[in-house]
Each structure stands twice: as C-alpha cells, then as structure tokens.
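For reference, the structure is listed below as structure tokens.
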Amino acid sequence: ASGDYGAVYNYPLYFTLRDIFVPGRKQKPMSELATWMEKDAEFSGNRLLLNFLDNNDLPRFIYKLEGDQLLYHNALLCILGMEGLPMLLYGSEQDQRGVFNWSDPLKVDNWRPPLWHAGYNTSTPTFQLIKKVLWLRRRMNGMHHLKQRVLFSDHKVVVFARGPIVFAVTNVGRGNPVPSQRVLWDNATIDSPVAMWLCNLLAIEPRKDCGIIAPGNLSRLHVLGDPKMYVPTAFIQ
C-alpha cells in the first residue's frame, strides 16, 4: 500500500537514530525521535520490524559516534526498548569498530571484522546493558503486547513507556552533561491506575535510583547522560 514499509529492516528508525545521535553540525534534537514514535511508527502497520544500529551493509554505529560509549548505550536502549524486534550484529556487544584500512574503499573491515579482534568479554558495560534489557524482555514475553508512548521530550532527552517500563534516553554524550532533573505529568502518561515504585535496572545498584509513578502526581527523573530503564521492583533481583 502507498506509504507502507518496503522492507523488514526498520531503516526509517535507523536514519532517525543516526540523525539524533551522531555528533556534528547536522545533529538533530531528541524531539525528532519523539515525533517519529508518535507519527511515523504507525506506518509499520503493526508489524514487527527489525530495529537495528548495525548490519552487514553499514559502518558500525559506534564508529560513527567516534567511540562515544554513552551515545552508543542510549542508541542501543532505543532499539532494544522500542516496539519491534531488536537485531544485533555480532560484535555490537563488544563495541566492535573495526580497523581503518586505506586499501579497502568500502571499509569492510569497519563493518565485519573478526570478533576475536575485540574478544568475548561478558563483563563490559555494553554487554551488561544488552543482557539486562534482553532479560527483561524475556520475562515480559518480548514486550510485543506493550505499546510505546512518549512521556516527555525536549532537544536533549526523550522519556517513553511500554506498559509499566519507563525508558529515558539522551543524546548529549560524554562531553556535555545535561541538567539532572526532568519532570513528567504521569497521570496522562502511565498505564497503571495505582502508584508504582520503579527502579533503574541499568544502574549498578538499581535500588539507589528509584522513584514513584502515581496518577495525578508529578514524577522526577534524574538524567545525566547514561540511559535508564525504570522497572517495577518485582524485577529487581
């Protein structure tokens, strides 16, 4: 149909993430992602598309970010937390970038280098972030029944929810910390009719980064640059 998606890979989302996360003069505000979630995502026709940052035909996303791990983690949380099927290329969990090679005009070495060049470390921050989000998705049957809703957005921050899970992402990166406080009107943006105590599962100590989401009350999230995923305390091990 006219306006339909012509592929399984979610390239419209990829281009949006590239535009808001890759630093430079053309970098767009985070509100562009909120607009995409509210207006453009519906063109998928409720089908599960592949959300991705890396594939065999593109330079590694972290390479585009010049190795900025904070930006990379925020972008990863987007594809892992938003509606769709997250697709990870091997090495994404190892911050795989590749080695620049002047004799390789297509820069294939940047896209598909041998994984043993980066190693198989399972304790890195990137590996642990992916592990925690996929663990939660498994506990919640993939989250496929949970619709995404934007709770708050400005030029630096987007906060969105899927059911009781609240995600907070930012594109400021390692060199530009943001003010730590963002405010939500959760009586209009939360699914639960009762108050919920949520904690950031991505924190080293999740119970030290918690807050109450309650109908009719203001909620405050503290965002400094790292991505956050607030979950009910039942999911905190």
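The numbering of the sequence shown is this note's numbering, which starts it at 925 and goes up by one. A virtual CB, placed ideally from N, CA and C, is assigned to each residue, including glycine.
Buried versus exposed, by CB contacts within 10 Å (16 or more), residue i
i: residue 1015; result: buried
i: residue 1044; result: exposed
i: residue 1100; result: exposed
i: residue 980; result: exposed
Proximity winner among the options, relative to residue i (alpha-carbon distances)
i: residue 951; options: 941, 1064, 1160 and 959; result: 941
i: residue 1000; options: 975, 981, 1021 and 980; result: 975
i: residue 1063; options: 992, 1156 and 1138; result: 1156
i: residue 984; options: 1021, 963 and 959; result: 1021
i: residue 1059; options: 947, 1161, 944 and 937; result: 1161
i: residue 1085; options: 1067, 981, 991 and 953; result: 1067
i: residue 1135; options: 1127, 1120 and 1019; result: 1120
i: residue 987; options: 1128, 980, 1088 and 1035; result: 1035
i: residue 1019; options: 944, 1057, 1127 and 994; result: 994
Pairwise C-alpha distance: residue j and residue i
i: residue 1012; j: residue 1132; result: 30 Å
i: residue 939; j: residue 1158; result: 36 Å
i: residue 1145; j: residue 1027; result: 48 Å
i: residue 1125; j: residue 1081; result: 19 Å
i: residue 1092; j: residue 1037; result: 32 Å
i: residue 1130; j: residue 1090; result: 14 Å
i: residue 958; j: residue 1072; result: 11 Å
i: residue 1153; j: residue 1123; result: 8 Å
Beta-carbon proximity of residue i to residue j, cut-off 9 Å
i: residue 989; j: residue 1149; result: no
i: residue 1039; j: residue 997; result: no
Short CB-CB distance (under 9 Å) between residue i and chain C
i: residue 1001; result: Here chain C cannot be found, since the structure has a single protein chain.
Enumerate, from N- to C-terminal direction, the unbroken alpha helix (DSSP H) stretches of 4 or more residues contained entirely within the region 934-993. 935-945, 955-959 and 985-988
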